[in-house]
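Asks: Each residue of the sequence shown is one higher than the one before, counting from 60 in the numbering used here. Where is the CB? At the ideal position from N, CA and C, for every residue including glycine. In this text the structure is predicted, and so the values were computed from the model without any measurement.
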Amino acid sequence: MSHTASNGTKTMSRRDLITRAGGLAVAAVVPGAISGSKEPAWAGVAQEFFPRKDDFSIPEGITYLNGAYMHPMPNKVRDAVRDYNDRRGGFTTQTSADPDLDNRVKAEFASLINAKTTEISYIPNTT
Numbered sequence: 060m061s062h063t064a065s066n067g068t069k070t071m072s073r074r075d076l077i078t079r080a081g082g083l084a085v086a087a088v089v090p091g092a093i094s095g096s097k098e099p100a101w102a103g104v105a106q107e108f109f110p111r112k113d114d115f116s117i118p119e120g121i122t123y124l125n126g127a128y129m130h131p132m133p134n135k136v137r138d139a140v141r142d143y144n145d146r147r148g149g150f151t152t153q154t155s156a157d158p159d160l161d162n163r164v165k166a167e168f169a170s171l172i173n174a175k176t177t178e179i180s181y182i183p184n185t186t
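1) Which partner residues does Lys175 have in the DSSP bridge list?
2) Have a look at the DSSP bridge pairing and note the partners of Phe168.
3) Mapping the DSSP letters down to three states, classify Pro133 as helix, strand or coil.
4) Do the region 112 to 121 and the region 132 to 141 make contact, defined as three or more Cβ pairs closer than 8 Å?
5) Hey, how far is the Cα of Thr122 from the Cα of Glu178?
6) How big is the Cα-Cα spacing for Gly149 and Ala169?
7) Measuring straight from C-alpha to C-alpha, what distance separates Met129 and Asn162?
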């Protein structure tokens with residue numbers, strides 16, 4: 060893979076460099092490839108280099124690459140989606156924590172369309 064220059068020094072082509080760099084990348088993730096270790100080369104340094112990893116529920120040994128169609132969801136987002144689905148599944152509205160607001164909105168909308176407030180109800184969508 061190396062070449063000897065006219066002055067006697069050894070050189071390496073770009074192709075050889077890329078090939079060897081790829082081999083190093085593989086060696087870093089294959090347990091035992093470096094120094095006979097039984098752990099991957101990155102073991103124990105994830106928290107230092109990836110301080111936000113605890114924000115996600117990623118199983119050990121799984122690595123996500125940016126595929127633009129699938130990505131891990133942060134735990135806070137997952138919890139917010141779960142809360143939203145719990146509210147929606149319970150037939151409540153976003154404003155149901157304040158019944159007076161619900162009643163005022165219904166009354167104002169009813170007067171806008173010349174209806175009674177008892178004829179107004181919230182629905183999840185209008186499609």
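Replies: Taking the structure as given:
1) Its beta-bridge partners do not exist; DSSP assigns none.
2) Partner(s): none; Phe168 has no beta bridge.
3) strand
4) yes
5) If you draw a straight line from the Cα of Thr122 to the Cα of Glu178, it is about 53 Å long.
6) 25 Å
7) 42 Å
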